[in-house]
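Residue numbers (the numbering used here): 520 to 855.
Just so it is clear, CB atoms sit at the ideal spot from N, CA and C, and this is done for glycine as well.
Only one structure is covered here, and it is reproduced in the block below.
Rendered as C-alpha cells:
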C-alpha cells in the first residue's frame with residue numbers, strides 16, 4: 520500500500536501523523552498503573568529508552584524536561600538533568616525528538632517540568648507545543664495552586680491535562696481543592712523532601728493515598744453536578760479495587776464519572792516498593808531508581824528489563840488480590 524494519500528486537489532500527500540495516545544483509559548480493569556519517569560535528553564538515544572519502557576509494560580510515561588534548578592528533585596534527577604543540559608538539549612529539541620517517535624508511542628506522555636520553562640514562552644504557547652509533540656499531560660511541581668489558573672486554562676485549551684500534587688502536609692481544605700482541579704491523575708508525594716531512592720517506602724504514603732481517596736468520595740456529588748463541563752482530556756482510569764460498596768459508588772471524579780487514579784511517587788526504588796505503593800494508591804511513579812541505572816550505563820534493553828520486573832511484580836500482586844477477593848466472595852456470599 521502506498522504511503523501517500525490523495526488530497527482533494529488530486530495531489531499525493533503524506534498521511535497525517537496518527538493521533539497520539541491521550542491521558543485516557545490505558546489499563547485493563549484491576550491493573551495497578553505503572554508510570555516510569557525519564558529525563559529527556561539524558562543520552563542521544565533517550566527516545567529508545569522511552570520506547571523500551573513502553574514495551575516493558577508502562578501505562579504512561581513521565582518525561583522530565585531538564586531545568587537548571589530542579590528544586591523538587593534529588594541528586595539523581597539533578598545529575599541526569601545536568602548531563603542532559605550539558606549535551607545542549609532544549610525544550611524545543613526534546614519536543615522535536617518526541618515528534619519523530621510519535622507514531623510509535625502508544626501510551627500517554629506527561630511532561631514534568633518547572634514553572635520557569637512554562638512561563639518563558641507563555642503558558643498558552645508552551646502547552647500548544649506540548650500538544651503538537653503528542654504530550655497529553657503536564658506536571659509543574661513548583662507552580663503554586665493559587666497561581667495555577669492561567670496554566671490550567673492554557674492546558675485545557677491545548678488538550679493537555681494539568682496534574683496536581685498532594686504532599687503529606689497538605690491541609691484537608693487544600694486537598695479538596697486539588698482533588699477537584701487535578702486532571703489525568705492525582706500525584707501523591709509519598710514523603711516530604713526531594714525525589715530519590717530510599718531503602719523503604721515512607722509510611723506516610725498509605726495515609727496520604729487514603730486521604731486523597733476520601734476527599735474524592737466527599738467531592739463526588741459536586742463533580743457529578745458539574746459534569747456538563749468536561750475536562751480537556753479524559754483521564755487515566757483508576758483500576759477497579761476491592762472496596763466497600765459505598766466507596767465504589769462515591770469515589771468518582773470527572774465528567775465521565777470515573778475516579779481519577781491516585782499515583783504514588785517519590786522514593787519508590789524497586790519492585791517490592793512499587794507493589795507497596797500500588798496497594799496504597801492506584802498506581803506508582805518510578806523515577807530516580809531508573810535514572811540511576813541509566814547514569815550508571817544501562818542500555819534501553821536493561822532499563823526495559825527493570826520496568827518489566829516491576830510490571831510483573833505489580834501484576835502478581837493484582838492477581839493475588841483478585842484471588843483473595845474471590846475467596847472472600849465465595850465464603851461470605853458477597854458478589855459485589
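In terms of Cβ geometry, residue 641 and residue 673 form a close pair [threshold 9 Å]. Around the Cβ of residue 792, a 10 Å sphere holds 16 or more other Cβ atoms; the residue is buried. Assignment of residue 608 by DSSP, reduced to helix, strand and coil, places it in the coil class. Per DSSP, the unbroken beta strand (DSSP E) holding residue 705 starts and ends at 705-708. Straight across, the Cα-Cα distance linking residue 601 with residue 587 is about 7 Å.
Listed in chain order, the non-local C-beta contacts of residue 651 below 8 Å within the same chain comprise 614, 618, local neighbours out to five positions each way being set aside.
Residue 677 and residue 795 have their C-alpha atoms some 35 Å from each other. For residue 784, the enclosing beta strand (DSSP E) begins and ends at 781-784. Counted as a single uninterrupted DSSP element, the beta strand (DSSP E) harbouring residue 684 occupies residues 680-685.
With distances taken between CA atoms, residue 656 lies nearest to 704 out of 693, 622, 704, 781.
In the three-state scheme derived from DSSP, where H, G and I count as helix and E and B as strand, residue 638 is classed as helix.
Straight-line spacing of the CA atoms in residue 803 and residue 702 works out to 17 Å.
Going by DSSP, residue 626 is part of no alpha helix (DSSP H) at all; its letter is neither H nor E. Residue pairing by DSSP puts residue 555 in a beta bridge opposite 805.
Boundaries for residue 560: no beta strand (DSSP E) harbours it, and the DSSP string shows neither H nor E there.
Contact annotation: the region 809-820 touches the region 559-568, with at least three C-beta pairs closer than 8 Å.
Judged by their CB atoms, residue 572 and residue 555 are nearer to each other than the 9 Å cut-off. In the DSSP assignment, residue 593 falls outside any alpha helix (DSSP H) and carries neither an H nor an E. DSSP places residue 797 in the helix class (H, G or I) of the three-state scheme.
If you check the CB distance, residue 667 and residue 700 come in under 9 Å. A straight line joining the alpha-carbon of residue 734 with that of residue 685 spans about 12 Å. Residue 580 has 628 as its beta-bridge partners, per DSSP.
When the five nearest sequence neighbours on each side are left out, the beta carbons in the same chain lying within less than 8 Å of the beta carbon of residue 836 are those of 551, 794, 797, 798, in order along the chain. The C-alpha of residue 807 is placed about 19 Å away from the C-alpha of residue 605.
Going by DSSP, residue 694 is part of the alpha helix (DSSP H) stretching over 691-700. Rounded to the nearest angstrom, the gap between the Cα atoms of residue 819 and residue 607 is 21 Å.
About 5 Å separates the beta carbon of residue 553 from that of residue 578, a gap short enough to meet the 8 Å contact definition. The DSSP-derived three-state label of residue 653 is coil. Separation of residue 611 and residue 841 (C-alpha to C-alpha, rounded to the nearest whole angstrom) is 45 Å.
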